[in-house]
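Quick note on numbering that gives the first Met the number 0: the sequence shown kicks off at 0 and runs consecutively. First comes the structure, then the notes that go with it.
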Amino acid sequence: MPESHHAPLHHAPPHVREAAFAQARQILAQAQTEHRLGSPHRSIQRLIPGPRLLLQMTLLPLALSGLALAAQTWLYAFWQAYLLAWAGWLHLPLKLRTGADPASDRPQGHGLDLIWSPGDASWALSLSSGVWLGAALCLLAWLVSGRWPGKALPIKYLVRVVVVVQAVAVAYFWWAPDALPHSVLDHLGDVLDTGDVLIVAIPVLLGLGYFALNISLWVKLRSAVLLMGYFVLMVPHQALVHLVVLQHLSVAFMPVLYICFGALFDMMVFVALYAWIVSLAPPLAPTRGAA
């Protein structure tokens, strides 16, 4: 019976293997020659912006970041009202501070007049119960992720990073159960402040690369405003998720929320959105010496 054309190459006769390797070497040499003669991929091209693009790279970040800084008071007022509205619907003990409440109960930052008053009817687990729950979840996530196939390896690494962070928190609270350095309001203030810093920094980050592309000014402005607006809406929802976890589970999960789902998570979302808007640029956008 004649040998199938789809048979593995190592089962083929020696002269067939030699002919296949010779053909592969010829194709590789031709591809290398074409690559040397052609231009490099746009992702690794060296950008040489002209005066117009240099002005955009300088003035757009200054204008947009300046507007974000000027709007901080409005932004925190919006976030505070939004959080209070959702706290009422989710039955979270987040309330507006009154004159009878101590000023030390509010988070440090841009005038957030909030208090966290769970009282005796708190649904949260105790710190010791949260430590046991965290340890059980760490063990379960580690065992389950170990059974995932090889194609899920990137997700497996992310899950195990989260598990390691939570395991360190479990060990810390196991040895020092009364040494929680942050309150829930401190954590809320950190989440909002981190989001605010990122919103102000987005135009600067775009100015380092995206604003250097030779695309229309309107597209650049639209992309920057949409990115900033996305985080204006995402950050309070992120803070609400943190508050729900801390209220209904335990403050033992505060470290993993802060480290893995705080500033690091915000930057990962920004990188993903940045890659998306850059992918929408036309192929000839990184033009050398654009005027």
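Note that CB positions come from ideal geometry on N, CA and C, so glycine has one too.
* Under a Cβ-count criterion, where at least 16 other Cβ atoms within 10 Å of its own Cβ denotes burial, should residue 312 be classed as buried or exposed? -> Absent from the structure is residue 312, since the part of the chain shown begins at 0 and ends at 290.
* Asked: What residue does the beta strand (DSSP E) around residue 94 start on, and which one ends it?
  -> 93–95
* **Nearest candidate by alpha-carbon position, reference residue 196, set 231, 211, 186 and 27** => 231
* Asked: DSSP state of residue 174, grouped into three classes?
  -> Residue 174 falls in the helix class under three-state DSSP.
* To do: Mind reading off the beta-carbon distance from residue 202 to residue 59? Whole number of angstroms is fine, and I expect it under 8 Å.
  => Confirmed, about 6 Å.
* **Bridge partners - residue 198, DSSP secondary structure assignment** => Beta-bridge pairing links residue 198 to no other residue.
* Give the single residue among 252, 260 and 265 whose Cα lies nearest to the Cα of residue 316. => Beyond the ends of the chain as shown, which are 0 and 290, falls residue 316; an answer cannot be given.
* Give every residue of the same chain whose Cβ lies closer than 7 Å to the Cβ of residue 199, excluding the five residues on either side of it in the sequence, and list them in chain order. => In the same chain as residue 199, and ignoring 5 residues on each side of it, the C-beta atoms closer than 7 Å to its own belong to 64, 67 and 68, in chain order.
* Are at least three pairs of beta-carbons, each pair with one atom in the region 174–187 and one in the region 233–252, less than 8 Å apart? -> yes
* Asked: Can the beta-carbon of residue 249 be found less than 8 Å from the beta-carbon of residue 126?
  -> yes
* To do: Whole angstroms is fine: what's the gap from residue 164's alpha carbon to residue 258's?
  => 8 Å
* Excluding the five sequence neighbours on either side, which residues of its own chain have a C-beta within less than 7 Å of the C-beta of residue 238, listed in chain order? -> 82, 187, 190 and 191
* Asked: Since residue 115 contacts residue 183 with CB under 8 Å, what's their CB separation in whole angstroms?
  -> 5 Å
* **Three-way DSSP call (helix, strand, coil) for residue 141 in this model** => helix
* To do: Could you have a look at residue 63 and say whether DSSP puts it in helix, strand or coil?
  => helix
* To do: With a 10 Å radius around its C-beta and 16 neighbouring C-beta atoms as the bar for buried, classify residue 177 as buried or exposed.
  => exposed
* For residue 130, which residues from the same chain have a beta carbon less than 8 Å from its beta carbon, with the 5 sequence-adjacent residues on both sides left out? -> 169, 172, 173, 176, 249 and 251
* Contiguous alpha helix (DSSP H) assignments of at least 4 residues, all confined to the region 240–278 -> 253–259 and 262–278
* **Distance, residue 88 Cα to residue 120 Cα** => Confidence in residue 120 is poor, its pLDDT being 49 and thus under 50, which makes the residue's placement unreliable; the coordinate value appears in the next sentence. Distance between the alpha carbons of residue 120 and residue 88: 17 Å.
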